[in-house]
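Participant:
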């Protein structure tokens, strides 16, 4: 831990936060390693035999193959989700779920997965078939539309599967937050409370959706723990994202990186697997290698860059909050409180920060806020 930490950060909580983070990262690493083994086993022992025994109908064969591929990982996902999202969360007194509610939540996530995955892969396989030479280019363009659609439907289709959202009736709070939104002329469908407490003691707040689905969402935990001044700075931060068009920029940047990944994967697969793009069966057989290549390149090369850009965007949103909420001290108490209660590691190692942190660590955000206060006074 850093020799000197922010005075509002609890030293014991930070020691605990490092242990919590270390356990979660370790479990994640073990899961990823075993997932790699599962993918390799599937490719060498199941991929080709499946294409030979599945129905000849192209659509039925594709959907069945993809579903079997997803189901192949269920035991692994359940085991590690149980360890990470149930056992460790209970160990650190975050989870409010019993085993039954955790399992139900997992299967709701699995249901979303088996709906979205065949659709997304199906679009990719259509490009393999109709534009084999340029699938990588059109695939990146397609991701712009897919990302925009998912961002739009997320708060009205995906989120309600897991939680209940009710209008916030605190007029003082909604009035204060409305003033922040009006600065950038942001029109929303309303202010909603999320019943996060049925799952966790952690706190969260966000501005979700696009165009007509845009809404402010506050977890019931954060509503209970933070005062109105603090909540105002949190939402001002979210407004900062919209001011700087971060959602659209993220979609565009993501598509550029998709283009790069698809292009490299196309070169690799066409050289190492000559059957790639020659038939549906060949593409299905190579699918595990495609996913493995995508995951490896994304994790090692793309994620650090995306995290760096994301941290930059978050700093811009913080600066917007400092300037427009006009209550930087409330931002400081809000960030410190979140770090203490959510066990956020405020001072991670540089390597962990590069590969895992899409937001600046709490220590950096607090330091930046303190510098802003000193700058205003000077």
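Numbering (our numbering), first residue to last: 12 to 389. We put the CB at the ideal spot given by N, CA and C, even for glycine.
Suppose contacts are defined by Cβ-Cβ distances below 7 Å. Is residue 98 in contact with residue 356 by that definition?
Facilitator: No, they are not a contact pair.
Participant: Nearest-angstrom Cα distance between residue 258 and residue 161?
Facilitator: When rounded, the distance between both Cα atoms is 12 Å.
Participant: With a Cβ-Cβ cutoff of 7 Å, do residue 92 and residue 117 count as a contact?
Facilitator: In this structure, residue 117 lies closer than 7 Å to residue 92 by Cβ.
Participant: Here's the rule I'm using: 16 or more other beta-carbon atoms within 10 Å means buried, otherwise exposed. How should residue 244 be labelled?
Facilitator: That one is buried.
Participant: I'd like the list of long-range same chain contacts for residue 169, defined as Cβ closer than 7 Å, with 5 residues on each side in sequence excluded.
Facilitator: Result list for residue 169: 123, in chain order.
Participant: With residue 354 as the anchor, note down where its alpha helix (DSSP H) starts and where it stops.
Facilitator: Neither: residue 354 is in no alpha helix (DSSP H) and is coded neither H nor E.
Participant: Just list the beta strand (DSSP E) runs in the segment 219-245, keeping only unbroken ones of 3 residues or longer that don't cross its boundaries, in chain order.
Facilitator: List check, beta strand (DSSP E) in window: 226-230.
Participant: Going by DSSP, name the residue or residues bridged to residue 204.
Facilitator: DSSP lists 177, 229 as partners of residue 204.
Participant: Do residue 288 and residue 129 have their beta-carbon atoms positioned less than 7 Å apart in this structure?
Facilitator: Not a contact, by the Cβ cut-off of 7 Å.
Participant: Give a yes or no on whether the C-beta atoms belonging to residue 176 and residue 205 are separated by under 7 Å.
Facilitator: Result yes, Cβ atoms of residue 176 and residue 205 sit closer than 7 Å.
Participant: Hey, out of 382, 63, 199, 141, whose CA is closest to residue 416's CA?
Facilitator: There is simply no residue 416 to check, as the chain begins at 12 and stops at 389 in what is shown.
Participant: At what residue ranges does the segment 78-134 contain a whole run of the alpha helix (DSSP H), taking only runs of 4 or more?
Facilitator: Listed in chain order, the complete alpha helix (DSSP H) runs (minimum 4 residues) inside the segment 78-134 are 85-92, 99-102.
Participant: In the DSSP output, which residue or residues are listed as bridge partners for residue 8?
Facilitator: Outside the displayed range of the chain (12 to 389) lies residue 8, so it cannot be described from this structure.
Participant: Run through DSSP, which three-state label would residue 289 get?
Facilitator: In the structure shown, residue 289 sits in coil (DSSP, three-state: anything other than H, G, I, E or B).
Participant: Looking only at C-alpha atoms, which of 139, 332, 107 sits nearest to residue 273?
Facilitator: Checking every option, the nearest Cα to that of residue 273 belongs to 139.
Participant: How close, in whole Å, do the beta carbons of residue 72 and residue 66 come, if the pair is a contact with beta carbons under 8 Å?
Facilitator: Their Cβ separation, rounded to whole angstroms, is 6 Å, which keeps residue 72 and residue 66 in contact under 8 Å.
Participant: Using 10 angstroms around the beta-carbon of residue 339, count the other beta-carbons present and answer buried if the total reaches 16, otherwise exposed.
Facilitator: So residue 339 ends up on the buried side.
Participant: Just mark residue 183 as buried or exposed, buried being the case when its beta carbon has 16 or more other beta carbons within 10 Å.
Facilitator: Exposed.
Participant: Pick out whichever of 180, 154, 388, 25 has its Cα sitting closest to the Cα of residue 267.
Facilitator: Minimum Cα distance to residue 267 is reached at 154.
Participant: So the alpha helix (DSSP H) residue 337 belongs to, where does it begin and stop?
Facilitator: No alpha helix (DSSP H) contains residue 337, which DSSP labels as neither H nor E.
Participant: Closest to residue 147 by CA distance: which of 158, 96, 191, 135 is it?
Facilitator: Cα-wise, what sits closest to residue 147 is 135.
Participant: What are the boundary residues of the alpha helix (DSSP H) that includes residue 46?
Facilitator: Start and end: 22-52.
Participant: If I follow the unbroken alpha helix (DSSP H) through residue 156, where does it start and stop?
Facilitator: 146-164 is the extent of the alpha helix (DSSP H) around residue 156.
Participant: Under the three-state reduction of DSSP, which class applies to residue 211: helix, strand or coil?
Facilitator: Correct three-state label for residue 211: strand.
Participant: If residue 211 and residue 305 are in contact, beta carbons under 8 Å, what's the gap, nearest whole angstrom?
Facilitator: That belief does not hold up - the Cβ atoms of residue 211 and residue 305 are roughly 30 Å apart, past 8 Å.
Participant: Counting only the same chain and skipping the five closest in sequence on each side, list residues whose C-beta sits under 8 Å from that of residue 317.
Facilitator: Closer than 8 Å at the Cβ level, and outside the excluded window around residue 317, lie 264, 265, 268, 369.
Participant: So residue 51 and residue 81 are in contact, right, with Cβ under 8 Å, and what is the actual spacing, rounded?
Facilitator: 17 Å between Cβ atoms; not a contact.
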